[in-house]
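Colleague: Numbering (our numbering), first residue to last: 58 to 353.
#1: For residue 286, is the classification buried or exposed, using 16 other Cβ atoms within 10 angstroms of its Cβ as the cut-off for buried?
#2: Does the Cβ of residue 317 have 16 or more other Cβ atoms within 10 Å, making it buried, or fewer, making it exposed?
#3: For the pair the segment 185-193 and the segment 211-231, tell me if three or more CB-CB distances fall below 8 Å.
#4: Kindly indicate the opening and closing residues of the beta strand (DSSP E) around residue 84.
#5: Taking residue 117 as the reference, give the member of 132, 177 and 273 with the closest Cα.
#6: Where does residue 266 fall in DSSP's three states?
#7: Apply the 10 Å Cβ neighbour rule to residue 187 and answer buried if 16 or more other Cβ atoms are within range, or exposed otherwise.
#8: Are the beta-carbon atoms belonging to residue 298 and residue 247 less than 8 Å from one another?
#9: In three-state terms, what does DSSP make of residue 316?
#10: Could you please give me the residues that DSSP links to residue 108 through a beta bridge?
#11: Among the residues of its own chain, which have a CB less than 6 Å from the CB of residue 345, if the five just before and after it don't count?
#12: Answer yes or no: do residue 360 and residue 321 have a C-beta to C-beta separation smaller than 8 Å?
#13: Is the number of C-beta pairs between the segment 199-206 and the segment 270-278 that are closer than 8 Å three or more?
#14: Excluding the 5 residues preceding and the 5 following residue 291 in the sequence, name in chain order all residues of the same chain whose CB lies nearer than 8 Å to its CB.
#15: Is the beta carbon of residue 180 sitting closer than 8 Å to the one on residue 90?
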């Protein structure tokens, strides 16, 4: 039986507004929340309980203070320890909220382009109250009808993501986020690429849709993303493919179609080029690592 992770959308949740696609709640995982993926961003923080989360086939421990930031289409599941159900804040939001008109929004958009950083962090005791207070404030604001509600939620979300990224940068190289400034339309294009990479997409079509010249758009994508359009598109598609290879038993052909390639030969060639191994070797290496770690 082929395993396909559930694909969730923000519209699956109540109280989602088109003009402000944001959802916040407190949830409990008594046993296991099955593998799933979604086209939106998600961050969570454990309030109490013990367990582990598996992201793209890699498992990490969860305990009070564990904060997770998930990019679109990362396959993940949560399992609670016996007798220790996990209670956690869950915040889900459309990637559009990382791209407001301000320069700060452009910098936050860089979170989508930095895969070298860990997806999770367990906060030290002194940092937990700060993040707990941000989540608590956002939940009260989210459940209210106060004037400026959406603006306050946006501000607190920005604060939380900035503080999380600052803490996870400790011991790592400095964040390579682009500087804020002109070029808001280019960040809208980058958002579009991340949202629609599974569909046929071309630089010329994007330039036409966003009323930009092809040379200018090509140059700005290189500046903002650190690579050209084709390379960025291929890396995003292969990133999703890796998630599916590690988290499902889908065939490699089905995976190639799922992530947007219309040629299996092209998918195989690019996978090897970007990952240094074939899709089959990639899956086998992961299974060996799991067996060595005693996970099977």
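Backbone N, C-alpha and C fix where the C-beta goes; we use that ideal spot for every residue, glycine too. If you're wondering where the values come from, they're calculated on a predicted model, not measured in any experiment.
Modeller: On the basis of the coordinates in this document:
#1: buried
#2: buried
#3: yes
#4: For residue 84, the enclosing beta strand (DSSP E) stretches over residues 79-86.
#5: Looking at the Cα atoms, 177 is the closest of the given residues.
#6: helix
#7: exposed
#8: Against a cut-off of 8 Å, the Cβ pair of residue 247 and residue 298 comes out as no contact.
#9: coil
#10: 119 and 137
#11: none
#12: An answer regarding residue 360 cannot be provided, because it is not within the stretch 58 to 353 covered by the chain.
#13: no
#14: For residue 291, where only same-chain residues beyond five positions count, the Cβ hits under 8 Å are 327 and 331.
#15: no
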